[in-house]
Amino acid sequence: MSRFAARTDSAHAEIRNTLRRLGFAVFDTARLGNGYPDLHVSLGGFAVLVEVKSPGGRFTPAEADFAQGWQGPLLIARTVREAVSGFYKLRRLSGYTPGDPLWYRVLLDKWGSQ
33 MSRFAARTDS AHAEIRNTLR RLGFAVFDTA RLGNGYPDLH VSLGGFAVLV
83 EVKSPGGRFT PAEADFAQGW QGPLLIARTV REAVSGFYKL RRLSGYTPGD
133 PLWYRVLLDK WGSQ
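If you're matching positions, the sequence shown starts at 33 in my numbering and goes up one per residue.
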């Protein structure tokens with residue numbers, strides 16, 4: 033049985049709305065529950081899951097379990113600045129280049145540039 037999130041952290045709406053105004057695609061996933069992060073954020077083909085926390089906020093046991101099992105980029109953000117800078121840092125660390133879709137990179141790696 034799914035457990036729905038009862039509330040969102042205080043910075044949630046500000047981070048979500050500001051990212052949208054900056055041109056990010058943002059899907060609000062806070063109500064999914066079961067430890068799934070609050071936001072699914074993408075820009076230029078790169079996506080990150082964002083867990084929004086209030087200052088001093090901690091993971092719930094379900095959030096900690098999800099984070100341990102997740103194999104993609106996951107960011108914890110308390111402010112808009114943390115969300116934006118974290119997104120770009122994770123994208124840079126991944127080696128992803130804007131305009132170079134990930135599926136295309138995988139195809140080139142697998143079959144060469146024939």
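Glycine is no exception: its CB is placed at the ideal position from the N, C-alpha and C atoms.
Bridge partner(s) assigned by DSSP for residue i
i     : result
VAL58 : VAL73
Residue span of the beta strand (DSSP E) that contains residue i, given as start and end
i     : result
LEU64 : Note, LEU64: premise wrong, no beta strand (DSSP E); not H, not E.
PHE78 : 78 to 84
ALA43 : No beta strand (DSSP E) holds ALA43; DSSP gives it neither H nor E.
Straight-line gap, residue i to residue j (C-alpha atoms, nearest Å)
i      : j      : result
THR129 : TYR120 : 11 Å
PRO69  : PRO93  : 13 Å
PHE91  : ALA109 : 12 Å
SER148 : PRO87  : The displayed coordinates of the chain run from 33 to 146. Any statement about residue 148 would go beyond what the structure contains.
PRO105 : LEU81  : 6 Å
Residue i classed as buried or exposed, judged by whether at least 16 other C-beta atoms fall within 10 angstroms
i      : result
ARG113 : exposed
GLN146 : Residue placement at GLN146 is flagged as unreliable, the pLDDT there being 44, under the threshold of 50; the coordinate-derived value follows with that caveat. Counting Cβ neighbours within 10 Å, GLN146 comes out exposed, since fewer than 16 surround it.
ARG123 : buried
Opening and closing residue of the alpha helix (DSSP H) in which residue i lies
i      : result
ALA96  : 93 to 101
ALA115 : 112 to 126
>> Using 8 Å as the cut-off, can you tell me whether the region 46 to 61 makes contact with the region 91 to 102, which would need three or more C-beta pairs spanning the two stretches below that distance?
In response: With a cut-off of 8 Å, the region 91 to 102 and the region 46 to 61 do not count as touching, because too few Cβ pairs lie within range.
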